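Worksheet: one structure, shown below.
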Amino acid sequence: MTWAIVEQGVRWCSAVGVLVLTTGSMAFGQPSQVADSDWSTVARSLYANIDQTVPGRGTTDYPGHTIDSIPKATAMVLLAELDRADLRFEPQKKSLVRLAGRWLLEHADENHDGVIGWGVPVAWDAYGDGSVNPAHSEYTISTAIVVDALMTWRARDPAAPGKEILDKVGRAFDPYLNLAMRSPSGLVPYSLRDSDRPYDTFNPAAYMAGQLQRYSWMVRDASRQAALRAVADATMESLLRHRQVSARKSWYWNYSVQENVPNDLPHAGYVIDGIRTYMAYGGRLSGLFDRYAVLGHIRDFPIEGGTVRGWPGFRGDVKTAARSYDLGFAMYLACSEEGLTNLRPSLYGTLHRYRMSDGRYAKYPQGADNASPLVVAEYEAYLYRGVLACMRAQREASGAGLESARQMAISGASEEVVRVSARDAFAQTDSVPLLDPSLGSVVLDKNTKATVYRSGLTLKFEDAGIPLAILEGRAGRYVVFRRFPTDALWLKKLDTDSKVLCALPIVHGNVNPLFRAAALHGDSIYLAYFDNPSSANWLIRFKAESLCTEPGGVRTKIPSLEDPAGTTYEMIPALRFLVSPQDRLYLVGGTLEAQIHEAQIQVRRVPGCRHVVESVATPSGLAHLCVTPSPIDSGPRELRIVAPSGIAVPAVNSAQGAVWGLAWSQGRLQIEHARSADQLRSVFLRDFLSAQHSGWLETGLSNEEGRIPWSQVYYLNGLLDMLEVSRRSEAAFRIFGPLLAAARQRLDLEIGLIDQHYAQGRFQTRAFTVDRSRALFAVQTARLLLLFERYTKEVSRPRQLASLITLKRDVLELRNHIDVLARKGEKPEWISPGQAHLRWPKGSKFYFDGVAVPYNHQNEWAYAVAVVADPNKDAASYRAAREIAQLFIGHVAPDGNLPEDGVWNYWWGQAFDGWSRLDDVSKNKPEYPGDKGKAWISFRTIDAMSLIAVTRQGSPLLHKNVVNSTAALAARGLLYPLVNQSLVSETGALHLSPKVANGYSRLTSPWELANAVWSLSRLAPEVEP
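The opening position of the sequence shown corresponds to residue 19 in our numbering, with each subsequent residue numbered one higher.
Here is the structure:
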């Protein structure tokens, strides 16, 4: 196979040509720009048409055209008004947010039957079968749209009655959890009336399924969370079974199973919106939907004579013009998806035909065969929602700006939401938050015993530990399980009643390996794991059916993932299994693309790739979205697509937003760019949930193999960064706000487990000693102390940490550490006599005994001391930390100025110079040529953050130089974006260029979380606080 590689900006002009040609063939017309003033004019006139006492009230489109209130209309006004508030558009006009929201809450049971739900104010025979539903019967689509609006109100308005909303929404969902409340094909029903249940109607079921999946993230009870997701999954399974494919290869659905008629424009839109919401909130079946094909169906509705047709073009028997209702929902979809940008001007261009001389908008456009002067308040509400969505998209299209530093500011209201979210999160849910729903809803009790609620099943584990993966097969259910606190890895087979049939220990030599990925393919179970002593990833294959009788597995070493940091970092790049449409099994990670056949591995290297971010099968093989190798050693990086030769490669352009969504769809390779806060959140959540199950694969892991400081500490700091940047930046708050309570609760859980490990002596590691004896390393304990200190200071009402006092003493005094604080042992040309530094004493069990530690090791220790030490009570440690910083400044950063090229040495002293056997420097390393390598970007970032902390109490000019030079390096991508954690309190700005941010915006491994948080915050559109 040969490969085609496209970097950012290449083929951009040709790609635009294809886009215009394709759009033209869809009859939506050539793209052109709509001015802000054009959208604003329409928005003003629509606002003026809204009833100011009951928003959405007015003439209905039901028999008699009575004047009444339609809950769907009020919900659309609420959603539009939330956008208007965000945009600060004409704030002098009365906000209808609370008025609309309160009306919906207070009219949640209009028929007084005790069931929460919304409908329409008229009796209606929806299917023409003679069964007339009374007025205010609960209809699924009405309820779904209202709960969408209410949950959005809760998420975006700090003054919203959050508890009341959750109560009403939860009660509205209750009837749908009844297994009897299903249509014959497994869909949630059209309404709660028995007479409507025989009909399988896709559009209300899809919209409701998306909202069920969304709400499941807000539920306290794990069994209820699983039940909500099971209902959503069942509806999505039915949609997958009954999908249709148009000539343009877009996916669409008929109105119902019983009717061979495609949906009209708004009902097709409901299906689209329901599926994309389900996918955005991690629905278990998301990977089975072709997002491009689903969204592409909107392009099946042509424009003829300046009017959008209300039915797909492939339905030749109906050419009715779209209602204003249809147009409004289509505008909302087109303006909330970056991939539909070129439809917006064409849709806007039809609006004038609906507008009448009095400023109202008619049901049908003027000049259409079915035109009339009828104005429907509900339809104007839909238009208002669509127009405000387009105004918001227009504002966001201005992008994140090009400056290398963005000043951060946030409104008082948003800051209060962050504070409350972080404070009250402990009461949010019993289940572990921010987990991939494909695993199920997991509860850990006080003894760290797990219960998993999954697809109607309850799996209760008797031994303490973490269920890491669950595989469903014909021969049974298989669980990869890690015991707590021993880290022992097991593969368990369960019968259909979830009884354990057998349990196999997964060991490598006498070491507990680190689980990486699992797949059930054909008759085989494949497990990938990392073994620390061999510094390698391994693949082990078991026969699924005979697992209990023939437990022996076939083990194969996985070739290097070629992480640029070196061979000791094979555990860093993500490993993922992928099954192609031809049923071929692949394992992808780093630069590796491996096809697996039984226990054989056929290897290809992905050219021009530092590590793979996304992969997809094409007819000619796998294509990949990759992070590129840096043009300079461990410097800034970019994204590119690598595809087999002959496959046309779409262009990647960082100016358009975060790059994501690589897919083979509609006969071609496709990619998306996320720009809005909602889109960026979807990208983040998608990555976060798939990155080793959002860190779950290392949750509860002890430090036996040294993973707590080099993975979990990075990842948990990333969760703290979500809280920190959301407190400071309105733009970041729009991305992460809905996730903050879950982030806080995850912090409580995982920091509590690490606290147990340290308190009980399980932070010592075997990973870095010559005889695998346990040892404490200063760089590791310092990192943990900084995390604990940050957690206790930045989180309201944190957990009480049993180990914190001991940990502080251990770090400040280097108690029981393999490192020692020394004032001799190095040559005077390197260090002044008596100046403090850290060493590994000769004869200690580290590989480099007898020499000083590298810069980043002792700088991290100095960083922790600077943060926690009392200058008087801990005077000796405090003074030593300052001397260590001064040593680094003297060698690397004169006057506090870090090198402009971002390059400095990793090591210093004897370790830099090297030694011979005759020098008798080290027992474990009798001779050594010296390490003259340059510090990797992660180590440089540690050095810079340490220097900021240690110099804060010294010379103001020195400290200013450190801060300014660090900021300059961060902006250019020569330090990790996470260094902004130290900069924001100094400068009030985020120092990161958009191009650099794009390269770090994608998250594949948990340790990358903090980099992604700061990068997405930089890519977020500017928002006026």
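By construction, the Cβ of each residue, glycine as well, lies at the ideal position given by its N, Cα and C atoms. All values reported here derive from a predicted model rather than from experimental measurement.
Taking the alpha-carbon positions, what's the residue i to residue j distance?
i	j	result
Leu993	Glu355	33 Å
Lys978	Gly914	8 Å
Glu945	Pro727	30 Å
Trp682	Thr636	6 Å
Tyr343	Leu401	6 Å
Thr1038	Asp166	Correcting the residue identity first, residue 1038 is Ala in this sequence and not Thr. Answer to the nearest angstrom: the Cα atoms are 23 Å apart.
Val497	Val140	52 Å
Ile753	Glu108	24 Å
Leu603	Ala61	52 Å
Ser459	Ser449	6 Å
Val701	Leu680	12 Å
Ser58	Met409	7 Å
Trp312	Pro662	Looking at the sequence provided, one finds Val at residue 312 rather than Trp. Spanning the two alpha carbons is a distance of roughly 25 Å.
Thr1022	Pro577	19 Å
Ile484	Pro176	36 Å
Gln412	Asp54	7 Å
Lys478	Trp508	16 Å
Thr768	Gln231	The residue you asked about is not Thr; residue 768 is Glu in the sequence shown. Distance between the alpha carbons of Glu768 and Gln231 is about 25 Å.
Output needed for residue i: all residues of its chain with C-beta closer than 6 Å, excluding positions within five of it in sequence on either side, in chain order.
i	result
Met44	With a pLDDT of only 35 at Met44, under 50, the local geometry of the prediction cannot be trusted, and the value read off the model is given with reservation. So the list reads Arg317, once near-sequence residues are dropped.
Trp954	Ala583 and Ser652
Pro995	Leu1010, Tyr1018, Asn1029, Trp1032 and Ser1033
Gly47	In this prediction, Gly47 scores a pLDDT of 39, lower than 50, which makes its location untrustworthy; no coordinate-derived value is stated.
Leu565	Lys511
Determine, using beta carbons only, whether residue i and residue j come nearer to each other than 8 Å.
i	j	result
Phe332	Val289	no
Ala899	Val997	no
Ala399	Val72	no
Ser652	Asp454	no
Leu489	Arg500	no
Leu640	Gly607	no
Pro569	Leu522	yes
Asn923	Lys952	yes
Arg827	Arg833	yes
Cys644	Arg628	yes
Glu632	His642	yes
Could you spell out the range, first to last residue, of the alpha helix (DSSP H) harbouring residue i?
i	result
Gly180	Gly180 to Phe191
Ala989	Pro974 to Ala989
Cys353	Ser342 to Cys353
Gln8	Here the chain has residues from 19 to 1043 only, and residue 8 is not among them.
Trp1032	Leu1027 to Leu1037
Tyr372	That residue, Tyr372, is in no alpha helix (DSSP H); it is neither H nor E in DSSP.
Thr92	Pro89 to Leu105
Out of the options, point me to the one whose CA is closest to residue i's CA.
i	options	result
Leu184	Ser342, Ala989 and Arg238	Arg238
Glu807	Val885, Leu610, Leu794 and Arg172	Val885
Ser729	Gln262, Tyr587 and Ala893	Tyr587
Ala506	Ile524, Gly491, Arg495 and Ser516	Ile524
Arg371	Leu361, Lys181, Ala407 and Ile321	Ile321
Ser63	Leu369, Leu122 and Ala177	Leu369
Ala340	Asn360, Tyr310, Leu358 and Asn281	Asn281
Arg172	Pro912, Tyr233 and Val1002	Tyr233
Leu114	Asp147, Gly137, Gly74 and Lys90	Gly74
Ala227	Asp515, Ala298 and Met740	Ala298
Leu392	Ala760, Thr959, Leu765 and Asp376	Asp376
Asp86	Thr92, Thr77 and Ala93	Thr77
Gly868	Tyr924, Leu839 and Lys941	Lys941
Ala11	Arg215, Val797, Ile88 and Ala198	Outside the modelled stretch of the chain, which goes from 19 to 1043, sits residue 11, for which no answer is possible.
Gly148	Ala760, Asp214 and Asp581	Asp214
Note the first and the last residue of the continuous beta strand (DSSP E) segment covering residue i.
i	result
Asn278	Glu277 to Pro280
Leu453	Neither: Leu453 is in no beta strand (DSSP E) and is coded neither H nor E.
Near residue i, which residues of its chain fall below 8 Å by C-beta distance, leaving aside the five closest residues on each side in sequence?
i	result
Leu195	Arg242, Ala245, Leu246 and Val249
Who are the Cβ neighbours of residue i in its own chain at under 7 Å, not counting the five residues just before and after it?
i	result
Leu97	Ala167, Thr170 and Arg403
Arg189	Ile134
Arg780	Pro503, Ser720 and Asn721
Pro284	Tyr343, Asp344 and Phe347
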